[in-house]
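**Q** Sharing a structure, written as structure tokens. Questions coming.
Residue numbers (the numbering used here): 7 to 499.
Dropping the structure here:
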């Protein structure tokens, strides 16, 4: 007899993982299904990492409410779950006198939404706190509560804490159909059928697909591509605050911001695409990005770009979060249309969706719930004496694998063996930053492949970049590796 779950969450991005963590507080059998080989592989892995203050969304909207609430939750959550977060403040810069009324509109929206300490700065005041702003700046909206976060760190921390509290994660499990049953729902996946009383649809750009399987009230989500450029740490002091341009109908415009790891990020563009997997960058998109970014900050050091990438936002036609039980599909709960400020709102989305689920199931809280989680130890944060003691006890922390980011074998081992551990190069990258530096994995990939293969007990030719068919050693190289590994095993025997 197949197990009946109380709740199945579709999608292990930041929203799905936030819901999972909140539901882990209750006496419920919860399962998260994810089509990719790891958590944080969709929209959540490719965004600005901005914690928005909450002045953009329309007053009274769910976006506005959850943005401000999520912002207020972020600092405490970062302490509980040990992920990088910094409240660096943000500026919306106005380059023309004609734009000042729009800047005032944002200020008034922010006040209505409950954003604290907002103020309008004149040109001199703006340049005083951010000297590298463009010479054409005439005013700026300053939001001290704006922040920056590691998007991987937040997503992974939520998922790991959920898993440690009993939530089951099924990766490489794609949902292909959903059917209503007397007990709830039968979910057909590429790894077999799953029975559940309640479904939480947190599937990002695919949330409309699953919604429309069970409801006559259809929704439509457009994949909106955003191109980004990441600049080297050598120019990480270009700006201290997150610098936005006045928003338009496509969103908040191109931003320039520091990251919690010391780089500068520039982006995104906003280009609607039909392909919901269309994360390829284009020359046109990058050129558009660079051209627009240069108007906010003078002497933008664009030659210091170390990589460019693109992510997709789940833009719902009504431009509003949809978080509710469906009227014509009881027990099916949408977390749909989660575009910006979705990352900021995720903790609050988790609370709201979990409350809906618990009311449906009349769920009871557990006697115990572990609300804290310890992230991967970073030896660089230790004193020299502490680091030497660590290396004496665990020599792997003395072996530098990624020279650009100074990541040790000890950190990679932790990334592999912790809850929901990494199984691919990208999985290691998201957890430790191995390969995210100036050389973009040019030096450290072979050693990382070797460690992954050894720890997972597989051939090096089986290690992938990002799961599926993304193997790195193929053809004659694969045969060479397989023969070499076979000889090594024979010699050891």
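For every residue, glycine included, the Cβ atom is placed at its ideal position computed from N, Cα and C.
(1) Using a threshold of 7 Å, state whether the C-beta atoms of residue 83 and residue 353 are closer than that.
(2) Run the CB neighbour count on residue 183, radius 10 Å, all protein chains shown included, and call it buried at 16 or more, exposed below.
(3) Of the residues 163, 451 and 186, which one's Cα is nearest the Cα of residue 22?
(4) Taking its Cβ as the centre, do 16 or more other Cβ atoms sit within 10 Å of residue 7, making it buried, or is it exposed?
(5) Going by DSSP, name the residue or residues bridged to residue 207.
(6) Which residue wins for smallest C-alpha separation from residue 233, given the options 286, 181, 154 and 205?
(7) To which residues of the same chain is residue 33 closer than 6 Å at the C-beta, ignoring the five residues directly before and after it?
(8) Please state whether the Cβ-Cβ distance between residue 177 and residue 40 is less than 7 Å.
(9) My understanding is that residue 157 touches residue 53, with C-beta atoms under 8 Å, so please give their C-beta distance in whole angstroms.
(10) In whole angstroms, give me the CA-to-CA distance for residue 26 and residue 376.
(11) Here's the rule I'm using: 16 or more other beta-carbon atoms within 10 Å means buried, otherwise exposed. How should residue 268 be labelled?
(12) Using the three-state DSSP reduction, which class does residue 146 fall into: helix, strand or coil?
(13) For the putative contact between residue 180 and residue 202, defined by C-beta atoms under 8 Å, what is the C-beta separation to the nearest angstrom?
(14) Can you tell me which of 481, 456, 329 and 444 puts its alpha carbon nearest to the alpha carbon of residue 235?
(15) Touch check for the segment 237-254 and the segment 322-331: three-plus C-beta pairs under 8 Å?
(16) Determine which residues share a DSSP beta bridge with residue 364 and list them.
(17) Quick check on this structure: which residue in 476, 425, 466 and 260 has the alpha carbon closest to the alpha carbon of residue 99?
(18) Which residues share a DSSP beta bridge with residue 62?
(19) Since I believe residue 424 is in contact with residue 166 (beta carbons under 8 Å), could you give me their beta-carbon distance rounded to a whole number of angstroms?
(20) Can you tell which of 351, 462, 101 and 114 has its C-alpha closest to the C-alpha of residue 300?
(21) At what residue ranges does the segment 404-467 contain a whole run of the alpha helix (DSSP H), taking only runs of 4 or more?
(22) In terms of DSSP beta bridges, what is residue 263 paired with?
(23) Would you list the residues sitting across from residue 328 in a DSSP beta bridge?
(24) Run the CB neighbour count on residue 57, radius 10 Å, all protein chains shown included, and call it buried at 16 or more, exposed below.
**A** With the given structure in hand:
(1) Position 77 of the chain shown holds residue 83. Position 347 of the chain shown holds residue 353. Cβ distance < 7 Å, so residue 83 and residue 353 count as in contact.
(2) Locating residue 183 in the chain shown gives position 177, where the first residue counts as 1. With fewer than 16 Cβ atoms within 10 Å of its Cβ, residue 183 is classed as exposed.
(3) On the chain shown, residue 22 is found 16 positions in, with the first residue counted as 1. It is 163.
(4) If you number the chain shown from 1, residue 7 lands on position 1. Annotation note: pLDDT 44 at residue 7 (below 50); position unreliable, no value reported.
(5) As a first step, residue 207 is located in the chain shown; it is residue number 201 there, counting from the start. Paired residues: 16 and 340.
(6) Within the chain shown, numbered from 1, the residue matching residue 233 stands at position 227. It is 286.
(7) Counting from 1 along the chain shown, the entry for residue 33 is found at position 27. The beta carbon of residue 33 sits closer than 6 Å to those of 370 and 372, all from its chain and outside the five residues before and after it, given in chain order.
(8) As a first step, residue 177 is located in the chain shown; it is residue number 171 there, counting from the start. As a first step, residue 40 is located in the chain shown; it is residue number 34 there, counting from the start. For residue 177 and residue 40, yes; Cβs fall inside 7 Å.
(9) Looking up residue 157 in the chain shown gives position 151. Looking up residue 53 in the chain shown gives position 47. Sure, about 5 Å apart at Cβ, within 8 Å.
(10) Stepping through the chain shown from its first residue, residue 26 is reached at position 20. Stepping through the chain shown from its first residue, residue 376 is reached at position 370. When rounded, the distance between both Cα atoms is 13 Å.
(11) As a first step, residue 268 is located in the chain shown; it is residue number 262 there, counting from the start. Exposed.
(12) Here the question's residue 146 lines up with position 140 in the chain shown. Three-state DSSP puts residue 146 in a strand.
(13) Indexing the chain shown from 1 puts residue 180 at position 174. Indexing the chain shown from 1 puts residue 202 at position 196. Residue 180 to residue 202, Cβ: 16 Å. No contact.
(14) Here residue 235 refers to the residue found at position 229 when the chain shown is read from its first residue. Checked all of 481, 456, 329 and 444; the closest Cα to residue 235 is 444.
(15) Taking a contact to require three or more Cβ pairs closer than 8 Å, the segment 237-254 and the segment 322-331 do not qualify as touching.
(16) Sequence index remark: in the chain shown, residue 364 carries index 358 (1-based). Residue 364 is not bridged to any residue.
(17) Sequence index remark: in the chain shown, residue 99 carries index 93 (1-based). Of the candidates 476, 425, 466 and 260, the residue whose Cα lies closest to the Cα of residue 99 is 260.
(18) For the purposes of this step, residue 62 is taken as the residue at position 56 of the chain shown. In the DSSP output, where bridge partners are listed per residue, residue 62 has none listed.
(19) For the purposes of this step, residue 166 is identified with residue 160 of the chain shown, where counting begins at 1. For the purposes of this step, residue 424 is identified with residue 418 of the chain shown, where counting begins at 1. Right, their Cβ atoms sit about 7 Å apart.
(20) The residue given as residue 300 occupies position 294 in the chain shown. The shortest Cα separation from residue 300 among 351, 462, 101 and 114 belongs to 101.
(21) With a minimum length of 4 residues, the unbroken runs of alpha helix (DSSP H) contained wholly in the segment 404-467 fall at 415-423, 431-438 and 451-462.
(22) Here residue 263 is taken as the residue at index 257 of the chain shown, counted from 1. Answer is 271, bridged to residue 263.
(23) Reading the chain shown from its first residue, position 322 is the one you call residue 328. Answer is 342.
(24) On the chain shown, position 51 is the one that residue 57 refers to. Buried, since its Cβ has 16 or more Cβ neighbours within 10 Å.
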